[in-house]
Each structure stands twice: as C-alpha cells, then as structure tokens.
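**Q**
Protein chains in written order, with the working numbering: chain A, 983 to 1283; chain B, 496 to 953.
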C-alpha cells in the first residue's frame, strides 16, 4: 500500500517488476510449509482408502492395492450399530449450541463491559482476563465434582454448560465493541427514546456482527476439538463427541486385552477423515466473514 | 489492561495449581474411606444366590469388545436382572473416571473391569468390595493359581479373574526357517538368535521392546524371577528395583541386547511397529497369550507364518513364566445392590457357559482351570498359525507362572513415570541400572507423599 502511494511517476512499472520478481528462498520455504500442512491430510486420505490387509503391508504415503475408501466409510458408519453417526450428531450439537451460545453470551457481555459504566466493571474484566490464564484442563476435575453435586454428570448438559463460557471471546468482544460501536450512536438512540435492549438488538448487534463471527469460529473449533472435558464428564458412549469416541476406538485397537477386537484401524482413520470434513467446510464458508470482520475492526475509526 | 491487579493473577495461578494437584491425587491414599458394610459370610453368600431371582438393574463398565454377547446370555438365564454394558474408557482412562465417581459419591457403576496391575490400588483404598465377605473365596479352586493370586490381596478377594495373559514367544516361523534358527529355549540362545538376524540384514531385529510399556518390562522382570515390589499390611511398601536379583538378571540380558542394538526400542501398536511385524523386520513378539487377536486382525496377510513357543528361560532346568496383562471384574461399594453385582461378576467369570463365551465370542484367554484343561480348547488347531495347536503352549505357559509377584498399591502412577526413567534408557541406550534406580526414586517419593511407608528392601 505504501509503495503504491509513494512516488507516483514510475510507480506502475516498479510495482509490476516487484510482482514479477520471485524469491527462490521464499518459494522453497512456502513449499516446505505447504507440504508440512498437507502431508498429514494426504496420509490420512491415502490410508483411509486402504483395506485392513493393505494398511500395514503397503507404503504409507501412497494408496493401497485397491481403493477401499467407500467400503471403509460404509463400515465406519455401521460399526457398533452406527454409533459413529451418533457421535457425529453429538459433536454437531455441542459445537452449534455451545459455540453459538458462547458467541452470543460473549457479545452481550463484551458489549456491556465496553459500553456501560457500573461499579465493579474493572474487577469483572480483570477476572475475565484471569480466567483466560487458567487452562480448561485444570478446571475439568472441579467442574466434574460440581456437576456431580448438581446431578448432571453423564448428560449433555455437562458438556454444553462449560462450552457456553468463553472468557477469551468475551475479552475479544469487549475490545471490539469499544471501537466498533460509537458512543454517539448510542446516545442519539437514547435521545430518540429507544430502550437499552432495543439499542443492543437493532444497532449494536449489527455493528458487532463481524466480531461475532470471529468469536463463533474460534468457539466452533474449540468445541469441535474439545476432548478433555467430555472425556471426564461423560461415561456413556451414546453421549460421546467424535474426539472421545474415536480415541476409544483407537484404544480398543491398540490393546490385545480388549478381547476379540475388530480390525478397527481403518475405521479410526476413516472416522478421523470424516470428522474433519465439516470443519474444513465451516472454514471455507466462514473465512470470508472472518477476514472482512478483522479488517472492519481495524479501519472503523 | 495495565491496571490489572496482580492479586487476581496470583489467586488464579494458585487455584490452577491446587486443582491440578487434586486431579493427580489419584485417590490411592492409604486412608480408608467408605468401607462396604461387611456381612457374615454364610448369610451373605446366600443373599448372593438369592439376588439372582430378584429384579435388579446393574451397570457394568468394561472395554472388552464382544462381551455384550456373554452378558446377553446372563440376561437370558436370569431375566430379572438387567445389565447395562458401558465402555467408559480403557484402562487408565476408566480408572480415573472410576475414582472420580467414587470420590464424588455417585455415578460409579455397580461392576467394573479392573486390570490385575491396578487392583491392589483399588483394594487397599477400599474402592472395591471385598468379595470374600460375600463368599467368593469358595471360587478359588475354579481358577488358575496365577489368576487367583492376583485378586487375593491382603487376605481378601477383591475381584473375580476374567482373563489372563501368560507370556509366550510369538515368532515368524518363515523367518526362523530361512535363517535356520531354532526357537531359543534360553535367553543365551535368544541373544545368539538376535545376532543371526542382525548378521543376515542389519536393518532387521529379532524383536522390539516398547520404551513406554511398563507392564511389558514388569512381566519380563517377573519372568526373570524378580519381585521388586512388595506390600505388607496396608501401608508398608518395599521397592527394590536397584537390588533385586531377578531385576539384575533381566538387566544383564537386556543390556546386551540393547547395547549391541540387537533389539529395536520401538513403541508397540504404532503404524511403524505393525508394518515391521508384517514385513518381517521383526521376527518375535514376547507378550501375553492374548496376542493372537491383535496379529490376526491387524496383519492378516501374515497368515500361516506365525508360531508360538514358550518363553526363553534363564535357567532351563527351572522354567519360570509370568503374566502380562489380564483383568478381573470388581464390585464397587457405591452399588445399591451389591449381592446382585457379586452374583453377576461370579457368573460372568466362572460359569462354564460364560467362560466359553468369553473365550469364543469376546476372544479372551481363559482364567479358569476347567477351560484351560479342556481338550477341546487345548487341541484346537489354528489355521492362522499354520495349524499349530497354540492353546497347548499357552495353557502350559499359564501353569508355569511363578507365584509371588506383587504390584504396587499405586502401580498406575508407577507405570506412568516408567517412560521418563527406564524408558529413556531403553530408547537412548543409557545405563539400565541407573534408570531403574531413578524409577525407584520416583516411586518412593510418590508413595511417601501418599502416606505409605517406603523401604528399599532387599
């Protein structure tokens, strides 16, 4: 941007030349990064398409003798009475309700912290910052004991309720709301006689939409990949999300003491492949909002 | 942001610290918590028989695949009792959940699978019911001595043996034949065989040793005549990993094997390991009798190439074997219907129909004498093993298990730090003696913290 703005004469040519010039070192680094990012995915795809017999007897980074992906998908979806689909549904439930709720609560809370002056506001915000620094893993066991008292252990609530709290999202929305919602708009709305909730709903929420999507994406990824909390609070496989379920299959395949066992390695690979597809789609669809959201935030004032 | 009071951060950090301590506590403390109400044995065992006819609902935590079929047989036979089979996680995952639920006072199952190595921990902290109070002592003669010894702890009976894993040597017959190696009968021959494999192709190894598998090394020390862990009473623990003669015997052989790079320190069950097992990079797997399932399911293309032989011996005149893996079924004091839970655990693991189903439908290696000695079981040839009657070798391996082995009352923790100590030496070619001493120090420090009296007995 600055290069184009500076020195009008000849700017066209130099910009063009700059675009043409390639840095071999950077290209190599980019290629290495590309391989680093894509290789595991390719490995997953290649191995998920192998039959059980080929899995450990053919080269790891290429496809096996025959293309078995669709048969594997069929097996994965029907194994143990189709529990994979149930796990998939659970993960969708936890992510959509958990992440949606977390983003909404973070937006409401962040807006309130940014725009209202009330006693204890600073203390509350400091506590939010403190909460970010405590890893969720450390809270899992006390959370369990608490839920056990309330009697919601081993129910979906035990996963959903903690997912609704996103201190990081709240922090992000507070910072975002401070800039994105000008005080003058709020004041003029108040003068026009709008109630506080109406102001939030009709004005602030719209201005905050890009921030909302950002928090939603973060929360979506976090709840989709959430492992430790559901591992602790859920015992019944019927309520497991994909992460815990797939790990259970993995543990089962990795132990001779687990009994007759089945050749579950392909199911784990295929299941892992299937479980990342929705995240890839969510990113492709939502990244537009994300980019524009961040840009909007930075140029607003 | 700069005005953030430091107090808040400090409180937060302290809270996180105390919480993480709470989560590692593991609940193996020596203190007795909620003990089961003990009843007089005769009336209690009558209550157990009685419970089979009354309506009841039980929850059973297990990770054995295929066990639902055996449980269905129980429900068919005793239609008043409904059993919910739940896979709550495997091994350490399940133990964490079980202990948390027991501490929380609700949410624990009635009956749970507990591996032998973890049972003393649950038994000493009274987190499982002493089944002797319900007349389970009468079942002793039904089980292989090696199995019963692992549930009879401190004068009580804390689980019903479900399956066992007497050690054996699974080997690639095709490779042995090609290199003209006889299955080694002694560890000295084993070292020679390892040299032959190495001489034939420097990329190949006779076998692997998993630097993260404490259980595997425990079993090999057991097989070498070692008893490095001893518990007497409820709180006296002695650890002698640095001095026990059996441990020394294991160290002398495995220092040679590892020092001369004759075995591969490769974690088991990984992609690389299975590939090596399939391709012939590795020729031997020293493990429990449950191994055939894994081989048959994971590397089906090696059909017909495997065979089984007894473990190599240190002293061929006095053959000794050990157990590797295996589980018992325990009853949790929280159960609202302990007699029914005991009756279910007993039937599941000792009734001839159930035991046969566990073996054939769930693939477990048996723990009962009746099945281990059953000619139909012993003499069944297995196609996958080139028609070898492998159960003969494995049943004899069970009978040869050396009595007297004990696990620590906090073996789950001890196994979890094995990787950082002995595992490092196995992986990096360090001094095994020093590493065993380091493991002993970690165990001693933890045990003392937990309130046990530790000694480094001889």
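Beta carbons are placed, not taken as given, at the ideal position from N, Cα and C, and that holds for glycine.
I want to verify the contact list: residues of chain B whose CB lies under 8 angstroms from the CB of residue 1213/A, in sequence order.
**A** Those within 8 angstroms of residue 1213/A in chain B are 584, 588.
**Q** Out of 654/B, 570/B, 813/B, state which residue places its alpha-carbon closest to the alpha-carbon of residue 680/B.
**A** Residue 813/B is the option with its Cα nearest to residue 680/B.
**Q** I'd like the list of long-range same chain contacts for residue 1205/A, defined as Cβ closer than 7 angstroms, with 5 residues on each side in sequence excluded.
**A** Closer than 7 angstroms at the Cβ level, and outside the excluded window around residue 1205/A, lie 1076, 1077, 1080, 1081, 1145.
**Q** Is the CB of residue 795/B under 8 angstroms away from at least one CB in chain A?
**A** Yes - at least one Cβ of chain A is within 8 angstroms of the one on residue 795/B.
**Q** Using a Cβ-Cβ distance cut-off of 8 angstroms, determine whether residue 1264/A contacts chain C.
**A** Included in the structure are the protein chains A and B, with no chain C among them.
**Q** Taking all protein chains shown into account, do 16 or more other C-beta atoms lie within 10 angstroms of the C-beta of residue 1018/A, making it buried, or fewer, making it exposed?
**A** Exposed, since its Cβ has fewer than 16 Cβ neighbours within 10 Å.
**Q** Within 10 angstroms of its Cβ, does residue 527/B collect 16 or more other Cβ (buried), or is it exposed?
**A** Legend: pLDDT at residue 527/B = 37, less than 50; position of this residue unreliable, no value from coordinates given.
**Q** Less than 6 angstroms between C-beta atoms, sequence neighbours within five positions excluded: which residues of the same chain meet that for residue 1242/A?
**A** Interpretation of residue 1242/A is limited by its pLDDT of 48, a score under 50 that renders its predicted location unreliable; the figure taken from the coordinates is listed afterwards. Same-chain partners within the cutoff: there are none.
**Q** I want to verify the contact list: residues of chain A whose CB lies under 8 angstroms from the CB of residue 773/B, in sequence order.
**A** Near residue 773/B (Cβ distances below 8 angstroms), the residues of chain A are 1038, 1039.
**Q** Determine the burial state of residue 1098/A: buried for a count of at least 16 other Cβ atoms within 10 Å of its Cβ, exposed for fewer.
**A** Residue 1098/A is exposed by the Cβ-count criterion.
**Q** In whole angstroms, what separates the C-alpha of residue 517/B from that of residue 1133/A?
**A** Caution is warranted here: a pLDDT of 35 is assigned to residue 517/B, below 50, making its placement in the model unreliable, and the coordinate value is therefore given only provisionally. So the two alpha carbons sit approximately 21 angstroms from each other.
**Q** Report yes or no: is there a C-beta of chain B within less than 8 angstroms of the C-beta of residue 1136/A?
**A** So yes, residue 1136/A belongs to the interface.
**Q** Verify the CB distance criterion: does residue 1233/A have a CB-CB separation below 8 angstroms to chain B?
**A** Cβ-Cβ to chain B under 8 angstroms: yes for residue 1233/A.
**Q** Taking its Cβ as the centre, do 16 or more other Cβ atoms sit within 10 Å of residue 1005/A, making it buried, or is it exposed?
**A** Under this definition residue 1005/A is an exposed residue.
**Q** If you follow the alpha helix (DSSP H) that residue 725/B is in, where does it begin and where does it stop?
**A** Element bounds for residue 725/B: not the alpha helix (DSSP H) but the beta strand (DSSP E), 724-727.
**Q** Taking CB distances under 8 angstroms as the criterion, tell me whether residue 776/B reaches chain A.
**A** Cβ-Cβ to chain A under 8 angstroms: no for residue 776/B.
**Q** Determine the burial state of residue 1231/A: buried for a count of at least 16 other Cβ atoms within 10 Å of its Cβ, exposed for fewer.
**A** Looking at its Cβ environment, which holds 16 or more other Cβ atoms inside 10 Å, residue 1231/A is buried.
**Q** Out of 826/B, 549/B, 559/B, which one is the CA nearest neighbour of residue 859/B?
**A** Measuring from the Cα of residue 859/B, the nearest candidate turns out to be 559/B.
**Q** Going along the chain, which unbroken runs of the beta strand (DSSP E) with 3 or more residues stay wholly within the segment 632-718 of chain B?
**A** List check, beta strand (DSSP E) in window: 655-667, 700-702.
**Q** Give the secondary structure of residue 558/B by DSSP, where H, G and I count as helix, E and B as strand, and everything else as coil.
**A** Three-state result, residue 558/B: coil.
**Q** Excluding the 5 residues preceding and the 5 following residue 1150/A in the sequence, name in chain order all residues of the same chain whose CB lies nearer than 6 angstroms to its CB.
**A** Only 1114 meet the Cβ criterion.
**Q** Look up residue 1076/A in the DSSP assignment and say whether it is helix, strand or coil.
**A** If DSSP states are grouped into helix, strand and coil, residue 1076/A belongs with the helices.
**Q** By how many angstroms is the C-alpha of residue 631/B removed from the C-alpha of residue 959/B?
**A** The shown model of chain B, from 496 to 953, leaves out residue 959/B, and the question about it has no answer.
**Q** Could you work out which residues of chain B lie near residue 1126/A, taking near to mean beta carbons separated by less than 8 angstroms?
**A** Residues of chain B passing the Cβ test: 595, 599.
**Q** Can you give me the C-alpha to C-alpha distance between residue 795/B and residue 1066/A, rounded to a whole angstrom?
**A** Going from the Cα of residue 795/B to the Cα of residue 1066/A covers about 25 angstroms.
**Q** In chain B, what lies closer than 7 angstroms to residue 1130/A by C-beta?
**A** Under the 7 angstroms cutoff, chain B gives 599, 601, 602.
**Q** Tell me the DSSP bridge mates of residue 825/B?
**A** Paired residues: 607/B.
**Q** Starting from residue 788/B, trace the alpha helix (DSSP H) in both directions and tell me its first and last residue.
**A** Note, residue 788/B: alpha helix (DSSP H), 786-793.
**Q** Please state whether DSSP places residue 1252/A in a helix, a strand or coil.
**A** Looking at residue 1252/A - three-state DSSP - the assignment turns out to be helix.
**Q** Distance check for residue 1209/A and residue 1225/A, CA to CA, integer angstroms please.
**A** The straight-line gap from Cα to Cα measures roughly 6 angstroms.
**Q** Just to confirm before moving on: does the CB-CB distance between residue 853/B and residue 636/B stay below 8 angstroms?
**A** No, the Cβ-Cβ distance between residue 853/B and residue 636/B is not below 8 angstroms.
**Q** Let me confirm a value: residue 667/B is counted as buried when at least 16 other C-beta atoms fall within 10 Å, else exposed. Which label applies?
**A** With 16 or more other Cβ atoms within 10 Å, it is buried.
**Q** For residue 748/B and residue 686/B, what's the separation of their Cα atoms in angstroms?
**A** Between residue 748/B and residue 686/B, the C-alpha separation is close to 8 angstroms.
**Q** Roughly how many angstroms lie between the CA atoms of residue 1123/A and residue 876/B, to the nearest whole one?
**A** Spanning the two alpha carbons is a distance of roughly 50 angstroms.
**Q** I need the DSSP call for residue 544/B, collapsed to helix, strand or coil.
**A** Looking at residue 544/B - three-state DSSP - the assignment turns out to be helix.
**Q** On the CB-based measure, 16 or more other CB atoms within 10 Å of its CB, does residue 1102/A come out buried or exposed?
**A** Exposed, by the Cβ-count rule.
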